[in-house]
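Heads up: the protein sequence lines correspond to chains Z and A, in order. To get this note's numbering, take the position in the first sequence, counting from 1, and add 1. To get this note's numbering, take the position in the second sequence, counting from 1, and add 7. Glycine residues also receive a C-beta, built at the ideal position from the N, C-alpha and C atoms.
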Amino acid sequence: MSVNPKLKEIISKKLSVDAERINAEASFIEDLGADSLDIMDLIMTMEEEFDIEIPDEEAEKLKTVGDVESYMKSKNVN
Amino acid sequence: MAVTSESIFYRTPVAQARVVVTGLSAITPVGTTAQKSWNNLVEGKSGIDLITQFDTSDFTCKIAGEVQDFNPDNYLSKKDQRKMERFIQFALVASEDALKDANLEITEELEEKTGCLIGVGLGGLQIIETNANVVVDRGPSRISPFFIPMAIANMAAGQVAIKHKARGPNYSVTSACASGAHAIGEAVSYIRRGLCDRMIVGGAESVVTKLGIGGFSAMRALSTRNDDPQKASRPWDEGRDGFVLGEGCGMLVLESYESAKRRDARIYCEVTGYGATCDAFHMTNPHEEGRGASKAIELALEDASLKPEDIQYINAHGTSTKVGDELETQAIKNAFGDHAKELLISSTKSMTGHLLGAAGAVESVFSILALKNNTAPPTLNLENPSFNCDLNYTPLIAKKRNFKHVLNNSFGFGGTNACLIFSELEN
Chain Z
2 MSVNPKLKEI ISKKLSVDAE RINAEASFIE DLGADSLDIM DLIMTMEEEF DIEIPDEEAE
62 KLKTVGDVES YMKSKNVN
Chain A
8 MAVTSESIFY RTPVAQARVV VTGLSAITPV GTTAQKSWNN LVEGKSGIDL ITQFDTSDFT
68 CKIAGEVQDF NPDNYLSKKD QRKMERFIQF ALVASEDALK DANLEITEEL EEKTGCLIGV
128 GLGGLQIIET NANVVVDRGP SRISPFFIPM AIANMAAGQV AIKHKARGPN YSVTSACASG
188 AHAIGEAVSY IRRGLCDRMI VGGAESVVTK LGIGGFSAMR ALSTRNDDPQ KASRPWDEGR
248 DGFVLGEGCG MLVLESYESA KRRDARIYCE VTGYGATCDA FHMTNPHEEG RGASKAIELA
308 LEDASLKPED IQYINAHGTS TKVGDELETQ AIKNAFGDHA KELLISSTKS MTGHLLGAAG
368 AVESVFSILA LKNNTAPPTL NLENPSFNCD LNYTPLIAKK RNFKHVLNNS FGFGGTNACL
428 IFSELEN
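What follows is the structure, given as structure tokens:
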């Protein structure tokens, strides 16, 4: 499954990782080197860029890039 | 003589460890290393120019001493840089340079007894401004999670510790323009008492921002000689009209003499004296007879077991303000008596501007280099000394003389005073 290019760009920029490393299975913390603050920062940027609101209790469940994609699909965000 | 490790359990250690400087570094408006900065100082080159970090159109003051050509890429990843305010980046780069200069790596067995104190006068003012605008314009949910970690003053020392695994005492010392000097003084105490064997210590500041310049302008503290920036900082000169804000960082590696000897380290000098007082007089004006400042000098001399005549050079606070420069002159006369006229004194702020929380640290680096090179850097722009500023302030041109003991003065808002004495090492 290929990752939404805009999402990929945001993650790549925020976490300073090569775009190739960003796949649906990639865990933010274990694979992409994020810490808890990075994840909060990432969530805020996604909210802004995709014009959505991600409640904290939902945000806590977003562990991988795929989790974010599924969440966005469930909210009809592309 | 070093205290034994057991002696930390006694309230009064039997003997105090001697403290020596084994590494130093600086990032200043006149150079991104200590050596470059020193060379430019001795040649009388100014680092003051028009501000580039923000649009000064609406500001009465348009000049500052900004650090030029600062490039942390060889020290910090882009990702880390984004999460660190400029003063923290300065501290990380300078601490690495200072440890390199000391040829010291904090290995696992050294970690616990290595501390880090970094003086910071204000902290992450730029990130505070940015997020203050965010909360007003876009609401609290848009405040960056990195706002607080980037803003807090002690994050400079925190990040340095993370990088070098310095697991000993760690905090920022905040005493406005004396922060850097107080940090060094306090670090000396940790080593003397045997609580640490070495300290990474200094001061860092970077507030050439709208609030920084605007805030000091509101106090009418800054020079507005915008048409001639390099002439704006002119300590003790009749034409002085306020200080020029600077930014940067100075860092020292302090070690117990025993620790330095054990690893056969090169020793720059010994830190022999530290004196700290308060004017207890006014928020921002110094005491009208320089009482607190002269007492701090006297305490530093006493701490070093020296007489006034033993000092040859003072790197003065000398900010280029009307009142401050006069009262420092008075304080020096109070403390040194007849010997005041024999001293060589200079203000390197004439070239770097006033680095606030970093000033005492950067000027300690310069004091140590003055001692090592037997050279007093000049006070630039001192063309026409005020009548009551009548000491030998090394106007315009550097002077060579043999130095054995040098003094660094640092005074800050809140009436706080810190003085340090650096001495040639006697075996």
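Could you tell me which chain Z residues have their CB closer than 8 Å to the CB of residue i, listed as they occur along the chain?
| i | result |
| --- | --- |
| residue 85(A) | 17 |
| residue 149(A) | 45 and 49 |
Verify whether the separation of the beta carbon atoms of residue i and residue j is less than 9 Å.
| i | j | result |
| --- | --- | --- |
| residue 421(A) | residue 255(A) | no |
| residue 413(A) | residue 394(A) | no |
| residue 213(A) | residue 133(A) | yes |
| residue 1(A) | residue 426(A) | Since the first and last residues shown for chain A are 8 and 434, residue 1(A) lies out of range. |
| residue 229(A) | residue 371(A) | no |
| residue 152(A) | residue 38(Z) | yes |
| residue 179(A) | residue 158(A) | no |
| residue 409(A) | residue 350(A) | no |
| residue 40(Z) | residue 60(Z) | yes |
| residue 191(A) | residue 124(A) | yes |
| residue 77(A) | residue 39(A) | yes |
| residue 37(A) | residue 359(A) | yes |
Determine the direct distance from the alpha carbon of residue j to that of residue i, and round the result to whole angstroms.
| i | j | result |
| --- | --- | --- |
| residue 289(A) | residue 331(A) | 13 Å |
| residue 292(A) | residue 419(A) | 9 Å |
| residue 80(Z) | residue 28(Z) | For chain Z, the structure presents residues 2 to 79; residue 80(Z) sits outside this window and is missing. |
| residue 317(A) | residue 120(A) | 33 Å |
| residue 95(A) | residue 58(Z) | 33 Å |
| residue 253(A) | residue 25(Z) | 48 Å |
| residue 188(A) | residue 127(A) | 10 Å |
| residue 242(A) | residue 206(A) | 32 Å |
| residue 224(A) | residue 67(A) | 7 Å |
| residue 171(A) | residue 117(A) | 11 Å |
| residue 262(A) | residue 74(Z) | 59 Å |
| residue 272(A) | residue 25(A) | 15 Å |
| residue 432(A) | residue 32(Z) | 52 Å |
| residue 194(A) | residue 168(A) | 15 Å |
| residue 250(A) | residue 100(A) | 27 Å |
| residue 348(A) | residue 42(A) | 30 Å |
| residue 23(Z) | residue 143(A) | 35 Å |
| residue 149(A) | residue 97(A) | 27 Å |
| residue 4(Z) | residue 66(Z) | 8 Å |
| residue 240(A) | residue 109(A) | 33 Å |
| residue 415(A) | residue 19(Z) | 49 Å |
| residue 404(A) | residue 164(A) | 36 Å |
| residue 310(A) | residue 49(Z) | 59 Å |
| residue 61(A) | residue 326(A) | 23 Å |
Can you pull the chain Z residues whose beta carbon is under 7 Å from the beta carbon of residue i, in chain order?
| i | result |
| --- | --- |
| residue 79(A) | Here the premise fails: no neighbours, minimum Cβ distance about 14 Å. |
| residue 153(A) | 38 and 42 |
Does the CB of residue i have a neighbour CB from chain D at under 9 Å?
| i | result |
| --- | --- |
| residue 90(A) | The displayed structure is made up of protein chains Z and A, and chain D is not among them. |
Tell me the start and end of each unbroken beta strand (DSSP E) in the segment 100-149 of chain A that is at least 3 residues and wholly inside, in chain order.
-> 121-126
Every unbroken beta strand (DSSP E) inside the segment 228-276 of chain A [3 residues or more] = 255-263
Which runs of the beta strand (DSSP E), 3 residues or longer, sit entirely within the segment 335-395 of chain A?
-> Segments of the beta strand (DSSP E) lying fully in the segment 335-395 of chain A: 351-353.
Could you give the uninterrupted runs of the alpha helix (DSSP H) lying entirely in the segment 144-204 of chain A, keeping only those of 4 residues or more?
-> As for any alpha helix (DSSP H) of minimum length 4 sitting wholly inside the segment 144-204 of chain A, the runs are 154-158, 162-171 and 186-199, ordered along the chain.
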